[in-house]
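Peer 1: Next up is a structure, given as structure tokens.
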Amino acid sequence: GDSVTQMEGPVTLSEEAFLTINCTYTATGYPSLFWYVQYPGEGLQLLLKATKADDKGSNKGFEATYRKETTSFHLEKGSVQVSDSAVYFCALSERDAGKSTFGDGTTLTVKP
Amino acid sequence: EAGVTQSPTHLIKTRGQQATLRCSPISGHTSVYWYQQALGLGLQFLLWYDEGEERNRGNFPPRFSGRQFPNYSSELNVNALELEDSALYLCASGSGTRSYNEQFFGPGTRLTVL
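In the order they appear, the protein sequences are chains A and B.
Heads up, the final residue of the first sequence is numbered 114 in our numbering, and it's a clean run with no missing numbers.
Heads up, the final residue of the second sequence is numbered 443 in our numbering, and it's a clean run with no missing numbers.
In structure tokens form, the structure reads like this:
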């Protein structure tokens, strides 16, 4: 079955540091890939997405590239801010399957 | 445009009782998805409804059930509550199989079973 593996957290960075959160996936078909963010006490918000190989999703300074050859979708940001502190989830979704399969989430804390 | 709404925000029940959670999707969305986010267990897929029909179900016992109404809103029912059912229940809506399945999440219902 489908699965998503994220790097284990928690991750603690200083403000303006470079962020990478690794995500790899296993899927039977050709999925769409997503990063969601969950701020404390809130639901999940879609951060970015990619629907085919070599697509780059980007939003709010975050980027991730759909790499079919390495089955990866790593999240990056060049300079993190305190307001980026949240839990980040990598997810995949196969058309017609309905559900999305999520990684376990990576907690990011950014210190001033 | 209004987002996905869920009610109630918090729900406290005792073991053995039944809980009913409600979700209203974004206007125009025909699919509703339910997930359980228990502490330390990540998001676990529960149910998918599209056009009033149950389309897919996760690995949960039958006491987790639900339905989708003609206006596409949905209810999740949990019978015979157990302590381990305490979790944040997230509802998401989307365009079902006619898209690449981007899902928009509500704020969740926090269920506490005592």
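The beta-carbon is built from N, C-alpha and C at its ideal position, and this holds for glycine as well.
#1: Along the chain, which unbroken stretches of the alpha helix (DSSP H) at least 4 residues long are found entirely within the stretch 44-68 of chain A?
#2: Please specify which runs of the beta strand (DSSP E), each continuous and at least 3 residues long, are wholly inside the stretch 64-113 of chain A, giving them in chain order.
#3: Quick one: is B:G435 near chain A, going by C-beta distance under 8 Å?
#4: To the nearest angstrom, report how far apart B:C352 and B:Q432 are at their CA atoms.
#5: Looking at A:L110: is its Cβ nearer than 8 Å to the Cβ of A:S74?
#6: Taking the continuous beta strand (DSSP E) assigned at B:G371, which residues delimit it?
#7: Taking only three categories from DSSP, how would you classify B:L410?
#8: In the DSSP assignment, what are the bridge partners of B:F434?
#9: Comparing the CB of B:T441 with every heavy atom of the ligand ZN, is any distance shorter than 7 Å?
Peer 2: From the atom records:
#1: Listed in chain order, nothing qualifies, since the stretch 44-68 of chain A has no complete alpha helix (DSSP H) run of 4 or more residues.
#2: If we require 3 residues or more, the beta strand (DSSP E) runs fully inside the stretch 64-113 of chain A come out as 64-67, 77-79, 88-95, 102-104, 108-113.
#3: For B:G435, a Cβ of chain A is located within less than 8 Å of the residue's own Cβ.
#4: The alpha-carbon atoms of B:C352 and B:Q432 are separated by roughly 14 Å.
#5: Cβ atoms of A:L110 and A:S74: not closer than 8 Å.
#6: First-last of the beta strand (DSSP E) with B:G371: 371-379.
#7: Correct three-state label for B:L410: coil.
#8: Residue pairing by DSSP puts B:F434 in a beta bridge opposite B:A421.
#9: With respect to the ligand ZN, the structure shown offers nothing to examine, as it has no ligands at all.
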